[in-house]
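Colleague: Let me begin by handing over the structure; questions about it come next.
Protein chains: 2
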Amino acid sequence: MVKTAADEIVQTPLDADTETRILDAAHAVFMRRGTAGARMTEIAREAGVNHALVHYYFRSKQRLADAVFRRAIGEFFPVMIGVLASDAPLEEKVRRVAAAQIDMLQKNRYLPGYLLAELNHYPERAEQLLNSMSGTTPANLRARLFGTLGTQLDEAARNGTFRAIRPQEFVLNLVSMVVYAFAARPLVMAIMGMDDATFTAMMEERKATIPAFFLAALRP
Amino acid sequence: MVKTAADEIVQTPLDADTETRILDAAHAVFMRRGTAGARMTEIAREAGVNHALVHYYFRSKQRLADAVFRRAIGEFFPVMIGVLASDAPLEEKVRRVAAAQIDMLQKNRYLPGYLLAELNHYPERAEQLLNSMSGTTPANLRARLFGTLGTQLDEAARNGTFRAIRPQEFVLNLVSMVVYAFAARPLVMAIMGMDDATFTAMMEERKATIPAFFLAALRP
DNA sequence: GGTCAGTTTAACAAATTAGTCAAACAGAAT
DNA sequence: ATTCTGTTTGACTAATTTGTTAAACTGACC
């Protein structure tokens with residue numbers, strides 16, 4: 062009943078709270094198909110309930126889509142922000158962001174594709190995202206993301222331990238290298254002739270090779 | 062007539078070939094909304110024609126979507142492949158890929174988001190993509206992408222002019238840094254507090270900073 | 001002027017899909 | 001046992017959306 066197709070993964074147990082089961086099913090369906098491509102009936106089927114029940118709990122597709130979007134944000138950003146805002150030394154930040162983010166994305170393969178697609182199709186959500194993120198203001202968030210990091214980078218540049226780089230570029234380059242392969246996963250797999258296992262293995266390797274590459278670029 | 066909404070850009074002149082006008086309109090709409098979110102009527106409106114005419118020329122939404130997808134592939138890959146497969150020295154390849162790709166993406170801001178979303182929602186298209194790309198076989202394409210480049214990298218590593226790196230990682234890291242910012246454009250703009258002009262300026266800068274960063278990482 | 005092929009349109013049909021609602025149901029409290 | 005509340009369902013509606021078709025139009029050619 063929860064299992065909807067031969068290759069579908071069984072998700073939330075049937076005895077779990079119905080609302081949770083529906084949200085989990087919605088999460089899975091929205092991730093794979095995107096908001097526009099998702100069908101309320103498919104979500105109901107995947108949750109093992111009548112589709113009227115989905116409306117009973119979430120009223121409209123829009124509300125359900127919002128709930129899923131918020132959840133997706135909550136999975137993607139907090140860890141990374143926490144690491145970057147911490148007092149850990151720069152090398153450790155790089156290694157920890159790469160490892161934590163890759164671990165998370167190995168378990169949520171559709172997350173980057175889903176988030177990027179949603180943001181491209183409904184760019185106004187980018188603002189909503191900023192506000193709903195860790196409950197602070199956008200300005201505050203920027204401070205957390207780039208403040209400490211910027212200070213560390215300034216100091217390192219003065220000491221001559223790191224080549225100068227703006228914190229924005231630092232974060233953008235690092236996130237690019239970590240996230241892009243997952244966002245473009247079907248493309249990367251096809252071009253390199255990989256199967257799922259090979260891709261997973263490559264990304265495990267990249268937990269080490271990305272930080273090595275990245276830190277090498279910042280040698281003075 | 063072609064202009065459909067206040068903030069819409071006028072596209073193809075009304076006296077252009079009707080089929081071309083429809084394909085251009087479809088291109089624009091599919092890019093912004095994705096295949097699932099696009100409406101045949103919106104395409105017709107944007108092309109300034111009756112929506113039956115869209116079916117007259119392209120039969121079904123699926124066929125039109127395929128035509129647009131093929132066109133998008135044709136815009137995205139050929140230049141990059143050409144540069145990477147060429148005999149230019151490594152440093153020049155890096156600089157030329159970055160510059161050419163960023164130039165192209167500045168003019169097609171929705172392209173990466175569209176392609177990544179389509180590939181995530183319909184992963185089977187990745188195969189189609191490989192085959193329809195430059196008319197060669199996947200194996201042949203891999204050879205063009207990684208063959209010459211691999212030889213150059215091997216030699217450079219032996220000479221001690223470059224740190225050793227596999228051609229696959231070389232390409233993946235480079236493409237990540239170039240493309241990701243465009244794919245995540247609404248997110249990047251929101252987090253960094255940028256407007257369109259600032260984003261464009263940053264990407265112009267990155268034509269130089271990405272190659273610098275990238276080549277610095279490969280110093281021995 | 002007439003006709004002929006290709007183009008364009010208005011009107012229509014068919015299917016899909018979000019959302020509603022009254023009735024059935026289940027379990028707890030009285 | 002009865003009632004009551006929150007849950008679940010089947011049947012329905014309304015709107016949207018893809019696709020079709022016959023007729024109208026247009027310009028080239030005779």
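So the sequence lines, in the order shown, correspond to chains A and B. Using this note's numbering, you'd call the opening residue of the first sequence number 62 and step up by one each time. Using this note's numbering, you'd call the opening residue of the second sequence number 62 and step up by one each time. All residues carry an ideal CB built from backbone N, CA and C; glycine is no exception.
Can you give me the C-alpha to C-alpha distance between ALA159 of chain B and GLN229 of chain A, rounded to a whole angstrom?
Modeller: Looking at the two C-alpha atoms, the distance is approximately 19 Å.
Colleague: State the DSSP-derived secondary structure class of SER121 of chain B, mapped to helix, strand or coil.
Modeller: Note: SER121 of chain B maps to coil in three-state DSSP.
Colleague: Helix, strand or coil: how does DSSP classify ARG227 of chain B here?
Modeller: The answer is coil: DSSP assigns ARG227 of chain B none of H, G, I, E or B.
Colleague: Please classify ILE252 of chain B: does DSSP put it in a helix, a strand, or coil?
Modeller: Correct three-state label for ILE252 of chain B: helix.
Colleague: In the DSSP assignment, find the unbroken alpha helix (DSSP H) run with THR102 of chain B in it and report its ends.
Modeller: It spans 101-108 - the alpha helix (DSSP H) in which THR102 of chain B sits, taken as one unbroken run.
Colleague: Are the C-beta atoms of MET165 of chain A and some chain B residue less than 8 Å apart?
Modeller: No, no contact with chain B.
Colleague: Which residues in chain A sit within 8 Å of LEU191 of chain B, going by Cβ to Cβ distance?
Modeller: Those are ALA251 and ILE252, listed as they occur along chain A.
Colleague: When we look at the beta-carbon of THR96 of chain B and count the other beta-carbons within 10 Å, is it buried (16 or more) or exposed?
Modeller: Looking at its Cβ environment, which holds 16 or more other Cβ atoms inside 10 Å, THR96 of chain B is buried.
Colleague: Who are the neighbours of VAL240 of chain A on chain B, taking C-beta pairs under 7 Å?
Modeller: Result: TYR241.
Colleague: In angstroms with no decimal places, state the Cα-to-Cα distance between GLU153 of chain B and THR79 of chain B.
Modeller: Spanning the two alpha carbons is a distance of roughly 42 Å.
Colleague: Along chain B, in chain order, which residues have C-beta atoms closer than 7 Å to that of PHE274 of chain A?
Modeller: Going along chain B in sequence order, the residues near PHE274 of chain A (Cβ under 7 Å) are ASN234 and ALA278.
Colleague: Should HIS126 of chain A be flagged as near chain B, meaning a C-beta pair shorter than 8 Å?
Modeller: Checking the displayed sequence, the identity of residue 126 of chain A turns out to be Ala instead of His. No, because no Cβ of chain B sits closer than 8 Å to the Cβ of ALA126 of chain A.
Colleague: Where do the ends of the alpha helix (DSSP H) carrying PRO139 of chain B lie?
Modeller: Element bounds for PRO139 of chain B: 139-146.
Colleague: Can you check which of these residues, A:MET264, A:SER237 and A:MET238, is closest to MET250 of chain A by C-alpha distance?
Modeller: Cα-wise, what sits closest to MET250 of chain A is A:MET264.
Colleague: Where do the N-terminal and C-terminal ends of the alpha helix (DSSP H) with THR81 of chain B fall, by residue?
Modeller: Unbroken alpha helix (DSSP H) run through THR81 of chain B: 79-98.
Colleague: Distance, Cα to Cα, THR65 of chain A vs GLU107 of chain A?
Modeller: With a pLDDT of only 31 at THR65 of chain A, under 50, the local geometry of the prediction cannot be trusted, and no value is derived from it.
Colleague: For VAL144 of chain A versus ALA161 of chain A, is the C-beta distance shorter than 8 Å?
Modeller: Yes. Within cutoff.
Colleague: Between which residues of its own chain and ASN192 of chain B is the CB-CB distance below 8 Å, once the five residues before and five after are set aside?
Modeller: Closer than 8 Å at Cβ, skipping near neighbours: THR198 and PRO199.
Colleague: Please state whether the Cβ-Cβ distance between GLY221 of chain A and PRO281 of chain A is less than 8 Å.
Modeller: Against a cut-off of 8 Å, the Cβ pair of PRO281 of chain A and GLY221 of chain A comes out as a contact.
Colleague: Under DSSP, the alpha helix (DSSP H) around MET263 of chain A begins and ends at which residues?
Modeller: 257-278 is the span of the alpha helix (DSSP H), which, as asked, contains MET263 of chain A.
Colleague: Apart from the five residues just before and just after MET92 of chain B, which ones in its own chain have a Cβ nearer than 6 Å to its Cβ?
Modeller: Cβ within range, chain order: TYR171 and TYR175.
Colleague: So is PRO139 of chain A buried or exposed if we call it buried at 16+ other beta carbons inside 10 Å?
Modeller: Result: exposed.
Colleague: Please state whether the Cβ-Cβ distance between ALA187 of chain B and LEU177 of chain B is less than 8 Å.
Modeller: In this structure, LEU177 of chain B does not lie closer than 8 Å to ALA187 of chain B by Cβ.
Colleague: Kindly indicate which residue of B:LEU210, B:LYS268, B:ARG100 and B:ASP256 has the alpha-carbon position closest to the one of GLN123 of chain B.
Modeller: Taking only the C-alpha atoms, the option nearest GLN123 of chain B is B:ARG100.
Colleague: In three-state DSSP terms, what is PRO184 of chain B?
Modeller: Note: PRO184 of chain B maps to coil in three-state DSSP.
Colleague: How about ILE70 of chain A: is its C-beta nearer than 8 Å to some C-beta of chain B?
Modeller: Here ILE70 of chain A scores only 30 on pLDDT, less than 50, and its place in the model should not be relied on; the value that follows carries that caveat. So no, ILE70 of chain A is outside the interface.
Colleague: Hey, how far is the Cα of VAL232 of chain A from the Cα of HIS112 of chain A?
Modeller: Spanning the two alpha carbons is a distance of roughly 42 Å.
Colleague: Please report the residue range of the alpha helix (DSSP H) in which GLY208 of chain A lies.
Modeller: Where GLY208 of chain A is concerned, the enclosing alpha helix (DSSP H) stretches over 199-220.
Colleague: Looking at chain A, is there any beta carbon in it that lies within less than 8 Å of the beta carbon of ARG120 of chain B?
Modeller: Closer than 8 Å: no.
Colleague: Can you tell me where the alpha helix (DSSP H) holding MET165 of chain A begins and where it ends?
Modeller: That run of the alpha helix (DSSP H) goes 151-168.
Colleague: Check the Cβ-Cβ distances between ALA262 of chain B and every residue of chain A, and say whether any is below 8 Å.
Modeller: Taking Cβ atoms only, chain A never reaches closer than 8 Å to ALA262 of chain B, which makes this a no.
Colleague: So, at 6 Å on beta carbons, what are the nonlocal neighbours of VAL110 of chain B in its own chain, with the 5 sequence-adjacent residues on each side left out?
Modeller: Excluding positions up to five away in sequence, the list is empty.
Colleague: Within 8 Å (strictly less), CB to CB, does ALA146 of chain A reach chain B?
Modeller: Not one chain B Cβ lies under 8 Å of ALA146 of chain A.
Colleague: Go ahead and label ARG219 of chain A buried or exposed: buried means 16 or more other beta carbons lie within 10 angstroms of its beta carbon, across all protein chains shown.
Modeller: Exposed, since its Cβ has fewer than 16 Cβ neighbours within 10 Å.
Colleague: Taking its Cβ as the centre, do 16 or more other Cβ atoms sit within 10 Å of ARG246 of chain B, making it buried, or is it exposed?
Modeller: So ARG246 of chain B counts as buried.
Colleague: Look at the alpha carbon of ALA105 of chain B and the alpha carbon of ALA86 of chain B, and state the distance between them as a whole number of angstroms.
Modeller: Approximately 7 Å, taken between the alpha carbons.
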